[in-house]
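Each remark here refers to the structure printed beneath this line.
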Amino acid sequence: MGHGGEGSFDEAVGDRHGRSSADAHGDGDARSDGNGPWAPAGAGRHGRTGVDRGTVRLREAASVGVRSDDPPRYAPEWLRLREPADAAARARDLLDPLRIRLANLPGRADGLVVHDVGCGTGSMGRWLAPLLDGAQHWVLHDRDPYLLHFAAVAAPRTAADGSRVTVETRRGDLARLTPDALSGAALVTASALLDVLTTEEVGTLAAACATAGCPALLTLSVAGRVDLTPAHPLDAEITEAFNAHQRRTGMLGPDAVDAAAEAFAGHGATVRAHPSPWRLGPGEAELTAQWLRGWVGAAVEQRPELRERADRYLDERLAACAAGELRVVVHHTDLLALCRPTGGAP
1 MGHGGEGSFD
11 EAVGDRHGRS
21 SADAHGDGDA
31 RSDGNGPWAP
41 AGAGRHGRTG
51 VDRGTVRLRE
61 AASVGVRSDD
71 PPRYAPEWLR
81 LREPADAAAR
91 ARDLLDPLRI
101 RLANLPGRAD
111 GLVVHDVGCG
121 TGSMGRWLAP
131 LLDGAQHWVL
141 HDRDPYLLHF
151 AAVAAPRTAA
161 DGSRVTVETR
171 RGDLARLTPD
181 ALSGAALVTA
191 SALLDVLTTE
201 EVGTLAAACA
211 TAGCPALLTL
221 SVAGRVDLTP
231 AHPLDAEITE
241 AFNAHQRRTG
251 MLGPDAVDAA
261 AEAFAGHGAT
271 VRAHPSPWRL
281 GPGEAELTAQ
291 WLRGWVGAAV
301 EQRPELRERA
311 DRYLDERLAA
321 CAAGELRVVV
331 HHTDLLALCR
341 PTGGAP
């Protein structure tokens, strides 16, 4: 998440890698994976300007009843902070081809069943459900029951045409997203998830969707590019180190969209990709500052020799942000995979 994603299977979700999608975006939400808030990648103290992980990650003290064998829990604040930027960035150009496919599904009169993978606090559903016509039932998947609670409580209740929207939650990880689990699904969605997956996990997701014959809308995957204005001599080096951090332990990071496109196409799906950049200016200063801390922190975690220069860089960037002088474009890509229907639809 050269920014942060939303999802755990994560948006803010702790996945099996022990991080949230926010890690991938480098922002630091309650694990934002996807592609949402959690502890920023590389949080820990990053010099005097670093972010203390305890300020964003929920404390695992006995006083809050968290057992040592519970999955990582991440605060929803980061997800809340990034939600408006996510909503503004997602590629609406992909919605028309999606609507056409959904309109032609057999059994559409009974409503759509949508599986949101790594739902975090549910921002994908809050964005998409009100943009689609017809009754919808959203199945929200995440490993973190705390985030699932937030997602269910804040879920939208009506579709674009006033039809009813209902939700249910399922705790689990990507390995359990089998074709059987997707039986009857009209759509699979995810936000800020792909970049924290491995090639094998992306293949599992593509195979499950293809076997079930349902399309997939996978948004806000990091693209590995960041544009900061004004420019700074260290921008490229920080970006390169961050991208390397994203690819650690076999995760796809900036290579995720290409890998997913190849995986879905291999199953006969028609794949479309569209840019979905965050465009952050003075009005998003709080989000920009949190993103900067996570982004620089991940770069330093990957390349500790950058620490001294990165401390100065971060100080300068945060000062410019506070003064309303910094603008950032964090590039992401949205992917729509139209799998071949299995129920007789065209």
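Position one of the sequence shown corresponds to residue 1 (the working numbering), numbered consecutively onward.
C-beta: ideal position from N, C-alpha, C; glycine also.
Within its own chain, the residues whose Cβ lies closer than 6 Å to the Cβ of W127, once the five positions on either side in sequence are excluded, are A87, listed in chain order.
Collapsing the DSSP output to three states places L187 in a strand.
The Cβ atoms of L280 and V296 do not sit closer than 8 Å to each other. DSSP links A273 through a beta bridge to L335.
Contact between W138 and A155 holds, with the beta-carbon distance rounding to 7 Å and staying under 8 Å. Under the three-state reduction of DSSP output, R126 falls in the helix class. Rounded to whole angstroms, the separation of the alpha carbons of D110 and R247 is 42 Å. Comparing alpha-carbon positions, the option among L234, T166, A323 lying closest to R312 turns out to be L234. Taking a contact as a CB-CB distance under 8 Å, the pair L193 and L177 does not count as one, their CB atoms being some 11 Å apart. Counting only residues of its own chain and dropping the five nearest sequence neighbours on each side, P277 has a CB closer than 7 Å to the CB of A89, V329, V330, H331, H332.
Of the residues assessed, D180 falls on the exposed side of the cut-off, its CB having fewer than 16 other CB atoms within 10 angstroms. Shown here, H141 sits in a strand according to DSSP, grouped into three states.
Per DSSP, the beta-bridge partners of S221 are T333. Excluding sequence positions up to five before and after R164, its CB lies within less than 6 Å of the CB of A135, all in the same chain and listed in chain order. For R90, the three-state secondary structure derived from DSSP is coil. In the three-state scheme derived from DSSP, where H, G and I count as helix and E and B as strand, L306 is classed as helix.
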